[in-house]
Every structure is written in structure tokens, then in C-alpha cells.
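K.L.:
Structure below; questions to follow.
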Ligand SMILES: [Zn+2]
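Written out as C-alpha cells, the structure is:
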């Protein structure tokens, strides 16, 4: 039951904004207006036209194979860099990495194409969006046969490229990174190399969006599924995690800026028993989500180009829907604009339920220079934030060591999840930060704890 002690504030609260800066609504609306379905379609068709983009395919041609594909992608990104006023730079990450897939060489060369739009004031806070440009057919190790990979995953590669095109002439406080990944089909070996390199470089990756299989809207049942995308996120335990926080930032951005299109939260790391490049970032402790179309057509993915019983098989461009890919790009762009414009999320120190009345108190460290926050809560069983509390109601006040204590009046912490997000001068919102899970009893049976306390169990 929802608390009746406070009035639920709608998500789209108007906020007092700085007079001199354009609002985030204005900036995002302008950028979204320039997303071009025809370019997305052209990118998918061009990539599919290279025949195959398998990691073992030829690299000595300008028209065929993975070498031609990445040469073309690099040229596209470099063309964007040339008109970015020096803000966008392009690099290849070339490595030979271990591969555990059957019938594959133990070591495989990968090449990621990486475009970086450097942040103006916080370049070491980074948001990544990527799709994988490599492809495969029915035989995982076949580097010669046709593997057009239009939906899996020229579509996601096209979304990242188009997002870069519309954002490259803008500047944001935080850094945006757009990537065409190699080697996803061989165990996400390209994204693993990138996630590791970012972790080693010392930057803070505050979010990674993997766009994989984001083009097909015709279900195997003949129905059209083009009104939403699925957003998968990992949570090691419980219902909250950095990844879920990023997923809820995507729903917020979509509701705010792309109201005609939905983001369906799936509270699972990926589709059942399967994986993708966002996993590489989750493994590095980075908030990461996967965007995918609502209903996959398995007669397309990882199939040889054949016709059986009058039915065509294979991942050809005719089944990548440009209007749908444009909507996925809009959600990506709106999410990146919000997160890269806003200050970083606060760091929540603790939460407690008062003992004299049913108010929850949240103690958090504000990011440097950020003075505006928004407080949110939901029942533990709700997938997304349902209530917003503004500054005037929460009245955050200073405690020792630069911390702030905010009050959620009438909100009983025992039954709900609470959180806080930073609000920028332009109205942009960070990811929401939540308190740590209450204690180990939530996650480990008593017997396991006892054994652990004796030092007899692993972590
Ligand atoms: Zn894929």
C-alpha cells in the first residue's frame, strides 16, 4: 500500500532553471529532431553488403569481410570527427585476445572502432554506447560463408554511429564514447578488451548501453512489435544495482523525451541463458544495460542464407526496420544527454527509518558543485520509481563532513526503496543512487554465514 502521508509528485515536475542555459528538454528535442532513419537503413545495408564480418573473415579487401567493414566504420566516425570542432577523436583498439569458443583458434585478433567525444569539465566521467559489427552464420567458426548480420548486429552498430553523428557537434560535461565492437559472437572478446582498458585507464565509467539486435519488428507469429525496446540489467542480489539504476535512467529519459516509445524493464541480466557486450562492463563493476527489440526472429539470427519450405532464412537488411532503429537511437541519445549533462550521482551513505514517526532519512554526499537533488521511492515490488519528492519537501540539511540529510515524510523505509539523483542547472538528471542493502541476512542463509564466520567458505 502506498503511503497517504505525502502527495505523490508526478515525474515531470517543473524545476527552476538557470536563465542563461538552454534546458535539457530543449537540447534533447533539437538533437532528437536530427535522427535520420534513412542513415540507419543505409548503414545496415552497407555493413550487410560486406558479405561477412566474422572475426576470421578476410582483412585484405575494401569491399568484403571484416577488414572492409571496420575500414568503412572508421571512415564514418572520422568524417564526424572532422566537423566536430576537435571534440571527437577516433581510434582503433587492436589486440590479440584469448578465445574459448569451440573450433576457434585459441588466440583471435580483434579490432574495436572507438569514437570519443571528450567531456568539457569532467572528461574522466564516461558513458559508453556500443553495438557489435562482427557477424556469424550457422557455423560459429565459418569466416568465409555469407553472414550479413543485419539485425545482429549491424542494427546496434548503426544506432551507435547515428547517436554519434547527432551528438558530435555538441559538448557535454562528461565524456561520451561510441563503439563498434568486434568479436561479440566469439564470447564478447572485443568488448571485454575495451572494458578492461577503460578500467585500467582510471576513468569512471558511469554507464554502458549495449545495443544488440535492435532492428527487427516482425515477430515469428506475424505480429508487429515496434512500440518499445527491452532493457536488460544485471543485479547480483536484490532488486537494485548500478545496472538497474542505469535501466531506470533510460526509462526516465524515454518517458521525458520519447513519450511515444516505451522502454520495458526486464529484471534479468540478458535473455535467458544468453549474453552480450554489456556483460563485459558488468564484469568490471560498471552500470550496464542491454537494449534489444521486443521479439527476436530466430529464423534470421546466426543462420545461413537459405530457403527451406518456401521460407527465407538469414539475417538480411530487409528485416531491419529503420523507423524502429530511429526510436532506439532516440532513447539512447536522450539517456546519454541526461546523464552526460547532469552532475554525477550522489553517494548515498545510509538510510534509516526514524523511531518517533514514519519518516525515512537519507544521508548522502553531494557531488562537488551540485546543489539540487530529486528524491524518489517505490514499493519494493515496483520495477521503477513511482514517487518523486522535491527539495522543498525533503529539506536536505548539512551534517558533518559535507554530507546532507534529506527527509522522506511519511515514507516507511521497511517497505520501500528510496534513492536520490543529482539535478543539473539545465534540469538534467543523473542516475539514482540508492542505499546499500540492509544487511547480510537478506542475502545469505544463517548456516552459510556461520560457516563464513569460521573462515570455512569462499566469498
Ligand atoms: Zn548480437
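Residue numbers (our numbering): 3 to 461.
For glycine and all other residues, C-beta sits at the position ideal for the given N, C-alpha and C.
Report all residues from its chain with a CB closer than 8 Å to the CB of residue 303; omit the five preceding and five following residues, and keep chain order.
P.N.:
153, 154, 215 and 317
K.L.:
I'd like to know whether the C-beta atoms of residue 207 and residue 333 end up nearer to each other than 9 Å.
P.N.:
no
K.L.:
Given the structure, does residue 230 come close to ligand 1, in the sense that its CB is under 8 Å from one of the ligand's heavy atoms?
P.N.:
no
K.L.:
Going straight from the alpha carbon of residue 406 to that of residue 438, what length do you get?
P.N.:
17 Å
K.L.:
Taking the alpha carbon of residue 111 as the point to measure from, which residue in 98, 119 and 121 has its own alpha carbon closest?
P.N.:
98
K.L.:
What is the residue span of the alpha helix (DSSP H) that residue 333 lies within?
P.N.:
324-343
K.L.:
Beta carbon of residue 134: closer than 8 Å to some heavy atom of ligand 1?
P.N.:
yes
K.L.:
So, does the CB of residue 436 fall closer than 9 Å to a CB anywhere in chain C?
P.N.:
Among the chains in the structure shown there is no chain C, since it carries only a single protein chain.
K.L.:
Apply the 10 Å Cβ neighbour rule to residue 362 and answer buried if 16 or more other Cβ atoms are within range, or exposed otherwise.
P.N.:
buried
K.L.:
What whole-angstrom Cβ distance do residue 266 and residue 213 have, given they're in contact under 8 Å?
P.N.:
Between residue 266 and residue 213 a beta carbon distance of about 15 Å is seen, past the 8 Å cut, so the two are scored as non-contacting.
K.L.:
Does residue 26 come out as helix, strand or coil in the three-state DSSP assignment?
P.N.:
Here residue 26 sits in helix by DSSP.
K.L.:
Residue 389 lies in the beta strand (DSSP E); which residues open and close that run?
P.N.:
389-391
K.L.:
Are the beta-carbon atoms belonging to residue 294 and residue 314 less than 9 Å from one another?
P.N.:
no
K.L.:
How would you write the range of the beta strand (DSSP E) that residue 164 sits in, first residue to last?
P.N.:
First-last for residue 164: 157-169, but that is the alpha helix (DSSP H), not the beta strand (DSSP E).
K.L.:
Let me know the secondary structure DSSP gives residue 354 once reduced to three states.
P.N.:
strand
K.L.:
Tell me residue 286's beta-bridge partners as DSSP assigns them.
P.N.:
DSSP, once it has assigned bridges, lists no residue as partnering residue 286.
K.L.:
Suppose the cutoff is 6 Å on Cβ atoms and the five residues either side in sequence are ignored; what does the same chain contact list for residue 282 look like?
P.N.:
190, 193, 194 and 197
K.L.:
Using only the heavy atoms of ligand 1, determine whether one of them is closer than 8 Å to the beta carbon of residue 186.
P.N.:
yes
K.L.:
For residue 174, tell me which candidate among 100, 260 and 89 has the shortest Cα-Cα distance.
P.N.:
Minimum Cα-Cα distance from residue 174 among the listed residues 100, 260 and 89 corresponds to 89.
K.L.:
Check each residue's C-beta against every heavy atom of ligand 1 and list, in chain order, those closer than 5 Å.
P.N.:
154, 155 and 214
K.L.:
Hey, how far is the Cα of residue 75 from the Cα of residue 58?
P.N.:
18 Å
K.L.:
Can we say the stretch 65-85 touches the stretch 243-263, given the rule of at least three CB pairs closer than 8 Å?
P.N.:
no
K.L.:
Just how far apart, CA to CA, sit residue 1 and residue 182?
P.N.:
Since the first and last residues shown for the chain are 3 and 461, residue 1 lies out of range.
K.L.:
Compare the Cα-Cα distances from residue 41 to each of 156, 85, 126 and 109 and report the closest residue.
P.N.:
156
K.L.:
Just to confirm the assignment, what range does the beta strand (DSSP E) spanning residue 423 have?
P.N.:
418-424
K.L.:
Tell me whether residue 274 is buried or exposed, calling it buried when 16 or more other Cβ atoms sit within 10 Å of its Cβ.
P.N.:
An exposed status is given to residue 274, since fewer than 16 other beta-carbon atoms sit within 10 Å of its beta-carbon.
K.L.:
Which residues in the same chain as residue 434 place their Cβ atom closer than 8 Å to its Cβ, once the five residues preceding and following it in sequence are excluded?
P.N.:
247, 250, 251, 347, 378, 387, 421, 422 and 423
K.L.:
Going by DSSP, what residue range makes up the beta strand (DSSP E) through residue 303?
P.N.:
Element bounds for residue 303: n/a, residue is neither H nor E.
K.L.:
How would you call residue 180, buried or exposed, if buried means at least 16 neighbouring beta carbons within 10 angstroms?
P.N.:
buried
K.L.:
Would residue 49 pass as a contact of residue 71 if the rule is Cβ separation under 9 Å?
P.N.:
yes
K.L.:
Is there contact here, the stretch 22-33 with the stretch 127-141, by at least three beta-carbon pairs under 8 Å?
P.N.:
Under the 8 Å Cβ criterion, the stretch 22-33 does not count as touching the stretch 127-141, having fewer than three qualifying pairs.
K.L.:
Determine contact between the stretch 409-419 and the stretch 323-338, defined as no fewer than three beta-carbon pairs at a distance below 8 Å.
P.N.:
no
K.L.:
If you drop the 5 nearest sequence neighbours on each side, which residues of the same chain put their C-beta closer than 7 Å to that of residue 66?
P.N.:
52, 53 and 60
K.L.:
With distances taken from CA atoms, which of 36, 385 and 68 is nearest residue 237?
P.N.:
385
K.L.:
Since I believe residue 171 is in contact with residue 120 (beta carbons under 8 Å), could you give me their beta-carbon distance rounded to a whole number of angstroms?
P.N.:
Incorrect: roughly 14 Å between the Cβ atoms, too far for contact.
K.L.:
Can you tell me whether DSSP reads residue 294 as helix, strand or coil?
P.N.:
strand
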